[in-house]
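K.L.:
Here it is, the structure in full.
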Amino acid sequence: MSMQTAAPTAWASVATTRVPSELAARLEAGSHTDTVRAFVLARRTFLAGERVDMNVLAASLGVDRTSLFRWLGNRDALLSEVLWSLAEPTLVRLERASPATGSARLTSILGDFVESLITAPYFQGFLSHEPARALRVLTTKESQVQQRYLAVVEAMLEAETGAGRMHYSLSTHDLAYLLVRISESFTYADLITGEKPSAERARAAFEYVLRES
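So that you can map any letter, position 174 of the sequence shown is 174 in the UniProt record's numbering, and since no number is skipped, the others follow by simple counting.
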């Protein structure tokens, strides 16, 4: 049973290739049924807006925490994988729906992605209930979420550049990192600066940076 919910585009598939994890590999292979079963329950719990508690999860599965840790890793690792399992198909869907090219394509996809995060009740519930953990899991090097998001944005830039539809002076990695940070700044604005999250402001920032780059 594979956890992949949508066939990834060429650029989306780079995320787990460039930023691999043992849990992602086991879920993709689907060969360890206990791991898949535990992950599915954790993901369902997260989507329901409930706290993913390792003790509760272990009890629901009828196992001890040691077994759960062996299958899924620690809580931050599990949350990272759950979050990416929701983010990747969203990015794939937005990429497929965008008819734009060049910088307009990046602005469209990334702007719509920010909007999807801001308007997702389960995601906002996580930010509200566990703000410190959410920022650590989503925006720091300790989590694979930012690293995978960065890999996807780099791949999108490479695709548009390779097709001759974009030209910029920054390195691909530096520009991708800047775009990811813009995305995070406006998605988590209430946690970082106390301001209201805004997809429109994110789109304006993406457009400005890509026009100037």
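From the three backbone atoms N, C-alpha and C, an ideal C-beta is built for every residue, glycine too.
(1) Can you check whether the CB of S185 is closer than 9 Å to the CB of A202?
(2) Taking only the alpha-carbon atoms, compute the straight-line gap between G162 and L57 and give it to the nearest angstrom.
(3) Among residues of its own chain, excluding the 5 on either side of residue 221, which ones have a beta-carbon nearer than 7 Å to its beta-carbon?
(4) Do the segment 32-39 and the segment 60-77 touch if we need at least three Cβ pairs shorter than 8 Å?
(5) Hey, M166 and L110: beta-carbon distance below 9 Å or not?
(6) Determine the closest residue to L79 out of R43, D112, S103, with distance taken between C-alpha atoms.
(7) My output table needs one value for L170: the three-state DSSP class, helix, strand or coil.
(8) Which first and last residues belong to the alpha helix (DSSP H) in which P99 is found?
(9) Just to confirm the assignment, what range does the alpha helix (DSSP H) spanning N55 have?
(10) Run the CB neighbour count on R148, radius 10 Å, all protein chains shown included, and call it buried at 16 or more, exposed below.
(11) Would a C-beta distance cut-off of 9 Å place I182 and A205 closer than the cut-off?
(12) Can you name the start and end residues of the alpha helix (DSSP H) that D34 belongs to?
(13) Using the beta-carbon count (16 or more within 10 Å), is E154 buried or exposed?
P.N.:
In terms of the structure at hand:
(1) yes
(2) 46 Å
(3) Outside the shown range of the chain (1 to 213) lies residue 221, about which nothing can therefore be said.
(4) yes
(5) The Cβ-Cβ distance between M166 and L110 does not fall below 9 Å.
(6) The shortest C-alpha separation from L79 is found at R43.
(7) DSSP, reduced to helix, strand and coil, places L170 outside both helices and strands of the structure shown, so it counts as coil.
(8) Where P99 is concerned, there is no enclosing alpha helix (DSSP H), given that its DSSP letter is neither H nor E.
(9) 54-61
(10) Taking a 10 Å sphere around the C-beta of R148, we find 16 or more other C-beta atoms and assign the residue as buried.
(11) yes
(12) 33-47
(13) buried
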